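Worksheet: the structure to be examined is printed underneath.
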Amino acid sequence: MTPDSFAQSSVPLLAAVDALTENGRLRRLSGAFARFIASLGGASPQLMLACVLLSELEGRGHSCLLLAELAGDPAPLLGLDGEEWTALRAAVAAVAPWPRNVAAWRKLLAECEQVWPVGDLDFQQPLILDGERLYLRRYWRDETQVAHAVRARALGGLLASDADDQTGAVRHWLDLLFPAGQQADGVDWQKTACAVAMRGKLGIITGGPGTGKTYAVARLLALLFATSGGQQSGLRVALAAPTGKAAARLKQSIDVALAGLDQRVLAVMPQRELGAARTLHSLLGARPDTRAFRHHAGNQLEVDVLIVDEASMIHLEMMAALLAALPSSARLILLGDKDQLASVEAGAVLGDLCHHAEAGGYDAETLSYVQASTGQQLPQHYAGRAGPIAQQTVMLRKSMRFGGPIGQLALAVNGGDAASAVRILRAGSGGEDGAKVAWTDPAAPRDLLQLALAGREGAPGGYRDYLRLVAQGQGDGEHLAWVQTVLKAFETFRILCAVRDGEWGVSGLNDAIEKQLQAAGLLRRSGEWYVGRPVMVTRNDYGTGVFNGDIGLTLPDPARPGALRVYFSEGDTVRSVLATRLRNVDTAFAMTVHKSQGSEFRHTVLVLPKEGGGVLARELIYTGITRAREFFTLLTPNGQVLLEAIAQRTQRASGLRELLESSQLRS
89 MTPDSFAQSS VPLLAAVDAL TENGRLRRLS GAFARFIASL GGASPQLMLA CVLLSELEGR
149 GHSCLLLAEL AGDPAPLLGL DGEEWTALRA AVAAVAPWPR NVAAWRKLLA ECEQVWPVGD
209 LDFQQPLILD GERLYLRRYW RDETQVAHAV RARALGGLLA SDADDQTGAV RHWLDLLFPA
269 GQQADGVDWQ KTACAVAMRG KLGIITGGPG TGKTYAVARL LALLFATSGG QQSGLRVALA
329 APTGKAAARL KQSIDVALAG LDQRVLAVMP QRELGAARTL HSLLGARPDT RAFRHHAGNQ
389 LEVDVLIVDE ASMIHLEMMA ALLAALPSSA RLILLGDKDQ LASVEAGAVL GDLCHHAEAG
449 GYDAETLSYV QASTGQQLPQ HYAGRAGPIA QQTVMLRKSM RFGGPIGQLA LAVNGGDAAS
509 AVRILRAGSG GEDGAKVAWT DPAAPRDLLQ LALAGREGAP GGYRDYLRLV AQGQGDGEHL
569 AWVQTVLKAF ETFRILCAVR DGEWGVSGLN DAIEKQLQAA GLLRRSGEWY VGRPVMVTRN
629 DYGTGVFNGD IGLTLPDPAR PGALRVYFSE GDTVRSVLAT RLRNVDTAFA MTVHKSQGSE
689 FRHTVLVLPK EGGGVLAREL IYTGITRARE FFTLLTPNGQ VLLEAIAQRT QRASGLRELL
749 ESSQLRS
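So the sequence shown is numbered by the numbering used here: it starts at 89 and just counts up by one.
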C-alpha cells in the first residue's frame, strides 16, 4: 500500500477520533500521536486506532495496551460508551480488515514498520510489541529497567539463617527493640518486617494507616546503626517521599518513634541525627526544562540506606530513575499502602511489587530466616514460593489508629463490601459517639458549603477557625509562631473531591466555598491574591523551591507592608515565598483525593459527583476515608455512585508483575 493510500484509508478513523475529541471524550494528544505515527510511514488504520487507545490509556495510568482489551471491548477502560467505541471500530472496518482475535492483532502489529516485536532486530521504532502488550518505547524501557533493578536487589546479598554471627546480632537487637510487639495471627509483623529488610538490599513494608510503617522503620534504622560495626559513624541515611508534605511527615514520625525507644536500647545503641527528608525530585536533583536528573546511573547518590515513604504515589518513570541513581551497595526500603490510589502518571509500581503481600508466599529459606532472626514461626498459610520480591516484602496487618467506625468503613470499602459500608455510614450518621462517620445522601450544595464554613454537629471543622485566627493577626506574639498556629488550624480540615470539573468537582467547589466564606465576612477577595487564600502548587518550580502538590497559606509579609507571602509547613519549620513569584497554583479549599495522598486531617470530607462513570473505584474511596484521623463525612447527590465505586477495582495494564516473576528478563 502506498503512502497516499495509507493516508486515504485513515480519513474515516481520524474523522471519528476528531469528533470524540471535540466532544471531550478523547484527549487531543491521542489523535495527534496517531497522526505522528502515520507521518513516519507505513501506518495502517488498525495501527493508528491502536495508537489512539495506547495514548488514552497512558493518560489513565496504564503503561501498555493489552491486545486482549484491543480485541475485546476497551470502551470501559477508555471511559467511552459502547456506541462511541463501535463508531471507532466501524471507521477502521470500513476500509481495512478488522483483526478477529489477539493472535490476529499480534500478527498485524508485528508487521508494522513502526513497531518493534521484542526479539527481532531493533531499529529503534517508537512502539514496542512485547508478547501480547503494546508499549510506547519509553514505558517499556522503564518497566524493564525497574524489573531488572528490583529483582537484582531482591536476590542480591541475602542473609541466610545459618549466617550465625549476623543473624544472631539481628535477633539480639530485635528482641530489645520489640520486647512485646503488636501481633496479628500470633506474629509481630513489625519485628518481622525489620528482620526481612535486614536480609538484603531491598525491603518493602506495606500496610494500611495506623499499622506502624514508620514506627517499624524507625526501629529498623536503630537496628542498622547498631549492627553497622565500624561504619556506624558514617552510615549515610536518606529519607524521601514523593511530596513535600509526605517527606515532612516521614521525618517527624521517625523522630518521634526514635525518641520513644526503650532506655535500655538507647543506653547501648549508637545514635546520630538524621538529615531532613526530601522530595524525590529534590533527592535526585531535578533540573528545569528537562526530565533528566542530576543523579543517574553515571552519577549515583552517595547513600548507604534510602527510605522512601508513600511509595504508592511513585510512578513508573520516577521509580526507574530512582533505582538507576541508587548504588547497588545501598539498601532500599519502600513504605506504602498497596491499597491506596496508584500514581497519577503511568504505572502502579507498589501494587505490582506487593501483589503477593497479603498471602505471604514465603519459601522455606525465608521462613527459616524469620524464625532464626525473630524467634517467630510464621503460620503455614503464609508459606509458598511466590518469587524473589515476595521474600523481601512484609505486610503489617494490625492498625492501632483505625479500630472504630473509620477503620471499619475503610476495611469494608477495601474488601468491596458495599452493604457493610452503607450500614457503617448510616449507623455513624445516627450515632451518639461524636459522629465519627456521617453520610449525607442526597446532598445539596448548601450541605457542603455549611461543612466548609463550620463543620457538622459532633465533628468540628470547617475553615472558619483558621480564618478567625488570620483576622486576629499575630498581635504582640512572634510572627513565625503565629504562622505555625494558623497553618496547624488550616490542616485540621479538608474537602476532597473525586473529580476536578463540575459542580461537585474541585474547580466548582473552590469557587463556591470562596464565595461562601466571603459572604460570611471571613475573607476579603480583592484580586487573585488575598489574605487567607490556601493554594496548591501545580507544577515544580525550582527557582522558588516549591513542588507539585505543596500546599501553603497566603498571609501578610511582616517585612513589607501590603505584600503577601505564601507559607508552607515543613514539619517543625516554615518556608515562605512571595505570592507574586508563584505562577502555577490553584486555590485549595477543595482538592482531589489524588493530591491528598501523604496527608491526613482531623476531619476529612469526601465529595462524590452525581455520576461516576469509569473514574471512580474503591481505591479512591478507600484513600479518601483513610485521610481522616478522627472524623469522616461523605457527601454525594447520588448514593448509587458510592455503590458503583466500591464494586469497581482499578486494574492498570502493566507487564511489570510478569517481569518481576520471570527468571529470564529481556534487556
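Cβ atoms here follow ideal geometry from the backbone N, Cα and C, with glycine treated the same way.
Note that the structure is a prediction, hence the values are computed from the model and not measured.
CA-to-CA distance, residue j to residue i, given in whole angstroms
i: Y223; j: D230; result: 11 Å
i: L372; j: Y554; result: 36 Å
i: L497; j: Q134; result: 45 Å
i: Q479; j: A651; result: 56 Å
i: K339; j: R148; result: 32 Å
i: L641; j: F578; result: 9 Å
i: D392; j: Y551; result: 44 Å
i: A257; j: T675; result: 52 Å
i: G596; j: R588; result: 8 Å
i: N189; j: E144; result: 21 Å
i: G504; j: Q736; result: 8 Å
i: A647; j: L411; result: 44 Å
i: R102; j: L513; result: With the sequence shown as reference, residue 102 is identified as Leu, and Arg is not the correct amino acid for it. In a straight line, the C-alpha of L102 is about 47 Å away from that of L513.
i: K289; j: G609; result: 57 Å
i: Q212; j: F124; result: 16 Å
i: E658; j: A569; result: 14 Å
i: E707; j: G300; result: 20 Å
i: L196; j: W204; result: 12 Å
i: A306; j: E398; result: 15 Å
i: V396; j: G167; result: 33 Å
i: E591; j: R324; result: 49 Å
i: M407; j: E545; result: 44 Å
i: E749; j: R473; result: 11 Å
i: D343; j: R627; result: 30 Å
i: L484; j: L217; result: 38 Å
i: E699; j: H383; result: 44 Å
i: A757; j: N111; result: Residue 757 is absent from the model: the chain starts at 89 and stops at 755.
Outcome for residue i when other beta-carbon atoms lying within 10 angstroms are tallied against a minimum of 16
i: G318; result: Caution applies to G318, whose pLDDT of 47 falls short of 50 and renders its modelled position unreliable; the value that the coordinates give is listed next. G318 should be labelled exposed.
i: P162; result: buried
i: T462; result: buried
i: E169; result: This sequence places Asp at residue 169; Glu is not what is there. D169 should be labelled exposed.
i: E446; result: exposed
i: L209; result: exposed
i: G712; result: buried
i: Q606; result: exposed
i: R287; result: buried
i: V234; result: buried
i: H443; result: buried
i: N598; result: buried
i: L215; result: buried
i: E405; result: buried
i: H369; result: buried
Any non-hydrogen atom of the ligand NAD closer than 7 Å to residue i Cβ
i: A242; result: Judged by which ligands are present, the structure shown has none, so any question about the ligand NAD falls away.
Distance between beta carbons of residue j and residue i, contact taken as under 8 Å
i: I709; j: V501; result: 5 Å
i: V756; j: T255; result: This structure cannot speak to residue 756, because the chain is shown only from 89 to 755.
i: Y227; j: S151; result: 5 Å
i: L327; j: L362; result: 7 Å
i: D717; j: R690; result: First, the residue type needs correcting, since residue 717 is Arg and not Asp in the sequence shown. Indeed they touch by this definition, with Cβ atoms about 5 Å apart.
i: G686; j: A329; result: 6 Å
i: T692; j: R715; result: 5 Å
i: G298; j: S487; result: 4 Å
i: E732; j: F677; result: At roughly 27 Å, the Cβ-Cβ gap does not stay under 8 Å, so E732 and F677 are not in contact.
i: A531; j: Q604; result: That belief does not hold up - the Cβ atoms of A531 and Q604 are roughly 15 Å apart, past 8 Å.
i: A122; j: V105; result: 7 Å
i: L108; j: L137; result: Rounded, the Cβ-Cβ distance is 12 Å, inconsistent with contact.
i: Q547; j: T721; result: Just to set this straight, residue 547 is Ala in the shown sequence, not Gln. Contact holds; Cβ gap of about 7 Å.
i: L584; j: V619; result: Not a contact, Cβ separation roughly 25 Å.
Is it a yes or a no for the region 433 to 440 touching the region 729 to 745, going by three-plus beta-carbon pairs under 8 Å? yes
Taking one C-beta from the region 724 to 731 and one from the region 413 to 424 each time, how about it: are there three or more such pairs within less than 8 Å? no
If we require 3 or more residues per run, which beta strand (DSSP E) segments fall completely within the region 197 to 243? 203 to 205, 215 to 218, 221 to 224
Assess, as a yes-or-no matter, whether the region 664 to 671 is touched by the region 624 to 640 under the definition of 3 or more beta carbon pairs within less than 8 Å. yes
At least 3 beta-carbon pairs within less than 8 Å: the region 328 to 337 vs the region 285 to 300: no
Quick check on the DSSP output: what are the complete beta strand (DSSP E) runs of length 3 or more inside the region 361 to 402, in order along the chain? 393 to 396
In chain order, each alpha helix (DSSP H) run of at least 4 residues that lies wholly inside the region 595 to 648: Fully enclosed alpha helix (DSSP H) runs of 4 or longer: not present.
3-residue-minimum beta strand (DSSP E) runs that sit fully inside the region 663 to 733, ordered along the chain: 673 to 675, 678 to 680, 689 to 695, 716 to 723
In chain order, each beta strand (DSSP E) run of at least 3 residues that lies wholly inside the region 530 to 606: Runs found: 581 to 585.
Whole beta strand (DSSP E) elements within the region 401 to 459, 3-residue minimum: 419 to 424
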